[in-house]
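Participant: Counting from 1258, one number per residue, gives the positions in the sequence shown under my numbering.
A virtual CB, placed ideally from N, CA and C, is assigned to each residue, including glycine.
Owing to the predicted nature of the structure, the values given are computational and were not obtained by experimental measurement.
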Amino acid sequence: MGKKDKPKGNKAENSKKSQRKLELRLKKVERQSGESSLEDLIQSFRDQQKKITTTTLVAISAPTPRSHFSLVSCPDSEELIMFGGEFFDGRRVKMFSDLLIYQCKVNQWLKLDSPNCPTPRSGHQAVYVKTESTPSSIWIYGGEFISPSQTRFYHYSDLWCLRLRSQKWELINSFGPCARSGHRMITCGNKILLFGGFSDTGRLVSFVLMSSVKQLILMICGSLI
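1. Tell me, please, which residues DSSP counts as bridged to Asp1488.
2. Please classify Ser1432 as buried or exposed, where buried requires at least 16 other C-beta atoms within 10 Å of its C-beta.
3. With distances taken from CA atoms, which of Phe1455, Ile1299, Leu1314 and Phe1345 is nearest Gln1382?
4. Can you give the Cα-Cα distance for Leu1337 and Arg1348, rounded to whole angstroms?
5. Determine the contact status of Leu1369 and Leu1314, defining contact as a CB-CB distance below 8 angstroms.
6. Thinking C-beta only, is Gly1341 closer than 8 angstroms to Arg1378?
7. Please list, in chain order, all residues of the same chain as Lys1351 whose beta carbon is under 6 angstroms from its beta carbon, the five residues on each side excluded.
8. Closest to Trp1426 by C-alpha separation, out of Pro1405, Tyr1413 and Thr1312, would be which residue?
9. Give the C-beta separation of Gln1424 and Ser1371 to the nearest angstrom, bearing in mind that I take them to be a contact with Cβ-Cβ under 8 angstroms.
10. Quick check on the burial criterion: 16 or more other C-beta atoms within 10 angstroms. Buried or exposed for Leu1428?
11. From the DSSP output, which residues share a beta bridge with Val1384?
12. CA-CA distance, Val1363 and Arg1422?
13. Do Tyr1411 and Gly1399 have their C-beta atoms within less than 8 angstroms of each other?
14. Please report how far the alpha carbon of Ile1443 lies from the alpha carbon of Gln1365, in whole angstroms.
15. Is DSSP giving Leu1466 helix, strand or coil here?
16. Could you give the C-beta distance for Pro1405 and Glu1296, rounded to a whole number, given that I count them as a contact under 8 angstroms?
17. Cβ of Gln1382 less than 8 angstroms from any chain C Cβ?
18. If distances are taken between C-alpha atoms only, which option among Leu1419, Leu1356, Arg1437 and Ser1394 comes closest to Asp1333?
19. Are the CB atoms of Trp1396 and Ile1358 nearer to each other than 8 angstroms?
20. Please name the residue or residues paired with Thr1444 in a DSSP beta bridge.
21. Given Ala1436, which residues of its chain have a CB within under 8 angstroms of its CB, disregarding the five upstream and five downstream residues?
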């Protein structure tokens, strides 16, 4: 039995050594790239946001190329609302936090700039909500922020609401699911159903952790006005 158990221990130890070596290589890449930390990059965006004090809506020709954004249909206004996403040019990743509105009736794109918007992210989810107690709004949960060199990742666990009438963002302070991206959300009455997704340790290694198949989280939003 002892001989059979020994290789397992060696395998585990080798895995830890490989993990440490990869971590050291990643740190070296980060130093050579001259990138700021994820915290500094996100804080820099927040500092820029503080300079925005008014809400503006301007016409644009079309969104810039991107992937992993959210796109939500608003049936009352016949509009599509796009938020966030990422773009990889073959060398570096650019993250987005812009909110773009497509007006189906007139075939026109608009860009909404407003104070207190969510930080840049991709792989998040967004849904449209309207009930007797909740005016038309867009709800966004989670997503991830990727460093330009794609060596570091930060997953969000925040819940945001965009009130369409006032065009104002609101960060909802509520106890919710753990940080994740790649999840799915739908609305059911005055509830938002969230399922699945993945999170990581902040690095490229060992970053996929699938949520339990049985995990189904209900977040009540009907009482939030």
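Facilitator: Looking at the atomic coordinates:
1. There is no way to answer for residue 1488, as the model of the chain reaches only from 1258 to 1482.
2. The amino acid at residue 1432 is misidentified as Ser; the sequence shows Phe. Counting Cβ neighbours within 10 Å, Phe1432 comes out exposed, since fewer than 16 surround it.
3. Minimum Cα distance to Gln1382 is reached at Phe1455.
4. Rounded to whole angstroms, Leu1337 to Arg1348 spans 31 angstroms at the Cα level.
5. Cβ atoms of Leu1369 and Leu1314: closer than 8 angstroms.
6. Taking 8 angstroms as the cut-off, the Cβ atoms of Arg1378 and Gly1341 count as close.
7. The beta carbon of Lys1351 lies closer than 6 angstroms to those of Phe1344 in the same chain, with the five residues before and after it left out.
8. Between Trp1426 and the set Pro1405, Tyr1413 and Thr1312, the nearest pair of CA atoms involves Thr1312.
9. That belief holds up - the Cβ atoms of Gln1424 and Ser1371 are roughly 6 angstroms apart, short of 8 angstroms.
10. Burial call: exposed.
11. Per DSSP, the beta bridge partners of Val1384 are Trp1396.
12. Whole-angstrom Cα-Cα distance: 20 angstroms.
13. No, they are not a contact pair.
14. About 27 angstroms.
15. Confidence in Leu1466 is poor, its pLDDT being 32 and thus under 50, which makes the residue's placement unreliable; the coordinate value appears in the next sentence. Look at Leu1466 here: in three-state DSSP terms it is coil, with no helix or strand label.
16. That belief does not hold up - the Cβ atoms of Pro1405 and Glu1296 are roughly 15 angstroms apart, past 8 angstroms.
17. The structure shown has no chain C; it contains just one protein chain.
18. Looking from the CA of Asp1333, the closest CA among Leu1419, Leu1356, Arg1437 and Ser1394 belongs to Ser1394.
19. Taking 8 angstroms as the Cβ cut-off, Trp1396 and Ile1358 do not qualify as a contacting pair.
20. In DSSP, Thr1444 forms a bridge with Ile1449.
21. Apart from the 5 residues on each side of it in sequence, Ala1436 sits with its Cβ closer than 8 angstroms to the Cβ of Gly1399, His1412, Tyr1413, Ser1414 and Ser1456 in its chain, given in chain order.
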